[in-house]
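In my numbering, the protein residues as written are 212 to 801.
A virtual CB, placed ideally from N, CA and C, is assigned to each residue, including glycine.
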Ligand SMILES: [Fe+2]
């Protein structure tokens with residue numbers, strides 16, 4: 212074995228989306244694997260110790276914990292203030308509460324372990340996956356999420372950053388709406404929520420931080436409390452916004468003064484608003500598209516755009532940079548990303564814009580591994596740009612053979628056969644190679660169908676996805692043909708930038724045209740996912756459009772399938788009509 216450098220990055224609980232990533236440099240080449248615990252444990256948004264993810268990452272390179280050069284981890288709600296990362300006595304650290312944590316770090320007793328700041332790792336996940344470090348020019352990095360690390364006195368340990376509303380105001384009327392907002396407001400301002408960093412070469416430095424309840428918590432409050440969608444469902448609010456009137460009289464814009472500086476303390480304002488006796492309606496069983504709730508979503512989306520655009524402009528000003536990287540959960544808002552694209556990139560205010568595909572906390576482990584490699588070990592091998600299919604190789608091993616064991620057949624004419632099925636209105640599970648990293652299915656673990664029939668959206672919901680009827684499904688198209696049906700003359704490889712379906716195409720692809728005419732497009736190149744690229748070409752040759760509906764390969768509420776076995780199980784337990792694993796195909800009898 213040649214010279215090696217290996218860093219394991221971890222996102223630990225009790226926060227959501229625990230996971231692991233490993234970067235391994237051998238003979239000057241950098242390879243990477245990253246996987247969320249939920250994909251392997253099959254518990255969505257897992258908060259447990261990521262033991263399965265760690266095993267999968269170590270297994271990818273045949274490593275044991277004590278062969279690692281560093282372990283870098285992030286642990287939600289633990290204080291971190293004066294330093295951004297710090298070596299800790301991994302094996303003997305007093306703060307481990309979970310026996311599995313203790314056991315893992317004991318197994319890596321000889322490996323230096325580092326505890327690192329949440330927003331720093333989001334920033335690292337964006338910076339180090341571009342090639343921007345190569346030329347020494349600065350880049351702005353914007354991080355916006357619900358909340359990151361506790362901003363304390365630099366001592367590690369559990370933070371106590373929240374007061375409940377009742378603690379703050381014992382005289383409160385105890386109204387449910389007020390009580391519900393308690394966890395969305397940071398009264399003592401000890402948690403990072405919005406940060407601007409500057410990257411230059413391999414270094415990443417923080418320029419500004421907000422410790423107020425920013426736009427991420429506002430959107431989470433709207434999603435959870437007003438719209439009643441529950442925790443971690445901001446995507447539903449974004450989808451619902453298309454049904455509402457953002458200028459509705461029911462909801463006032465936030466005052467302009469709030470959009471000044473790094474803070475945008477929107478929840479602080481909501482809190483005062485409620486204390487003044489103004490209240491909201493809170494959805495229980497009503498249809499979400501009821502005008503009140505649809506308007507609320509549209510209002511929230513509009514105010515989010517104001518905040519994100521203000522912060523993006525500020526990031527550019529504060530850093531003097533001409534390129535912008537974006538991470539943190541709010542960076543999954545495709546409508547905001549489109550506005551940044553149009554207002555900053557298209558107008559020449561910046562030259563480049565990149566959103567980390569695993570922008571949510573699912574990307575922290577990757578950020579940790581990359582930070583460890585580049586910033587702690589000072590590694591220099593470049594990360595291969597545009598890598599997103601980072602799942603463990605083993606998940607897809609023998610995919611075709613396994614499907615054959617379950618009655619599938621290897622197909623010489625796979626593309627033609629699958630195109631026949633799709634144009635016949637069939638729903639096809641599509642499993643190819645390593646899984647995509649992050650929350651969106653990008654053609655490695657997808658369910659595909661033909662978006663032409665106007666009944667297709669209801670059909671796929673009734674038979675497989677069981678999602679709320681108002682939520683859109685996403686289109687997928689060959690990159691060079693994207694601008695025919697969509698207002699996109701640029702690649703959208705990670706489904707992170709919103710597009711509009713051109714007027715004359717809306718009736719031709721109704722199942723992927725949202726209520727406002729938008730489509731959350733993914734563009735596919737011949738190099739990223741060649742088989743899918745060919746399939747889209749075949750569809751185009753037959754229907755003259757070449758767009759498919761692409762949705763994540765899972766049932767509602769489940770994590771996306773990871774292994775071939777998961778895919779076969781999901782195929783068998785739902786009404787998916789056919790399943791493709793590598794070059795093998797199985798079709799359910801009529
Ligand atoms: Fe985060």
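Exercise for the section: With a cut-off of 6 Å, give the chain-ordered residues whose Cβ is closer than this to any heavy atom of ligand 1. Expected result: 329, 333, 356, 359, 539, 540, 572
Handout entry: Between the CA atoms of residue 610 and residue 626 - distance to the nearest angstrom
Key = 17 Å
Problem - Nearest neighbour of residue 731, chosen from 344, 710, 533 [CA to CA] - result: 710
Exercise for the section: Compute the beta-carbon to beta-carbon distance between residue 658 and residue 500, rounded to the nearest angstrom, for a pair I have assumed lies under 8 Å. Expected result: So it is not a contact: roughly 24 Å between Cβ atoms.
Problem - the region 604-624 in contact with the region 703-720 per 3-pair CB rule at 8 Å - result: no
Handout entry: Cβ pair residue 664, residue 725 closer than 7 Å
Key = no
Practice task
Taking all protein chains shown into account, decide if residue 405 is buried (16 or more other Cβ within 10 angstroms of its Cβ) or exposed.
Solution key: buried
Handout entry: Whole-angstrom C-beta distance between residue 223 and residue 260, which should lie under 8 Å
Key = Under the criterion of beta carbons closer than 8 Å, residue 260 and residue 223 qualify as touching, at roughly 7 Å.
Handout entry: CA-to-CA distance, residue 647 to residue 600, given in whole angstroms
Key = A direct Cα-Cα distance of roughly 4 Å separates residue 600 from residue 647.
Practice task
Taking residue 406 as part of the beta strand (DSSP E), name the residues at either end of that continuous run.
Solution key: Per DSSP, residue 406 belongs to the beta strand (DSSP E) from 405-411.
Exercise for the section: To the nearest angstrom, report how far apart residue 695 and residue 282 are at their CA atoms. Expected result: 47 Å
Problem - Inter-residue spacing [alpha-carbon to alpha-carbon] between residue 505 and residue 452 - result: 6 Å
Problem - Sequence-distant residues of its chain with Cβ nearer than 8 Å to residue 675 (five each side left out) - result: 638, 658, 766, 785, 786, 787
Practice task
Quick one: residues in its chain with C-beta nearer than 7 Å to the C-beta of residue 435, no 5 flanking neighbours on either side, listed in chain order?
Solution key: Closer than 7 Å at Cβ, skipping near neighbours: 441, 442.
Handout entry: Among 703, 798, 758, the one whose alpha carbon lies nearest that of residue 722
Key = For the residues 703, 798, 758, the minimum Cα distance to residue 722 belongs to 758.
Exercise for the section: Check whether the Cβ atoms of residue 409 and residue 349 sit closer than 7 Å, and answer yes or no. Expected result: yes
Practice task
Measure the CB-CB distance between residue 234 and residue 268 and report whether it falls below 7 Å.
Solution key: no
Exercise for the section: Determine the burial state of residue 502: buried for a count of at least 16 other Cβ atoms within 10 Å of its Cβ, exposed for fewer. Expected result: exposed
Handout entry: Cβ pair count under 8 Å reaching 3, the region 689-704 against the region 739-758
Key = yes
Practice task
Would you list the one or two residues that DSSP bridges to residue 241?
Solution key: 236
Handout entry: N-terminal and C-terminal residue of the beta strand (DSSP E) that residue 417 is part of
Key = 414-421
Problem - Cβ shell of residue 550 (< 8 Å), same chain only, five flanking positions each side left out - result: 516, 519, 520
Exercise for the section: Starting from residue 686, follow the alpha helix (DSSP H) in both directions and report where the run begins and ends. Expected result: Run containing residue 686: none in the alpha helix (DSSP H); it sits in the beta strand (DSSP E), 685-689.
Exercise for the section: Within the same chain, show all residues whose beta-carbon is closer than 6 Å to that of residue 359, passing over the 5 residues directly before and after it, in chain order. Expected result: 329, 330, 403
Exercise for the section: Compare the Cα-Cα distances from residue 603 to each of 532, 546, 772, 734 and report the closest residue. Expected result: 772
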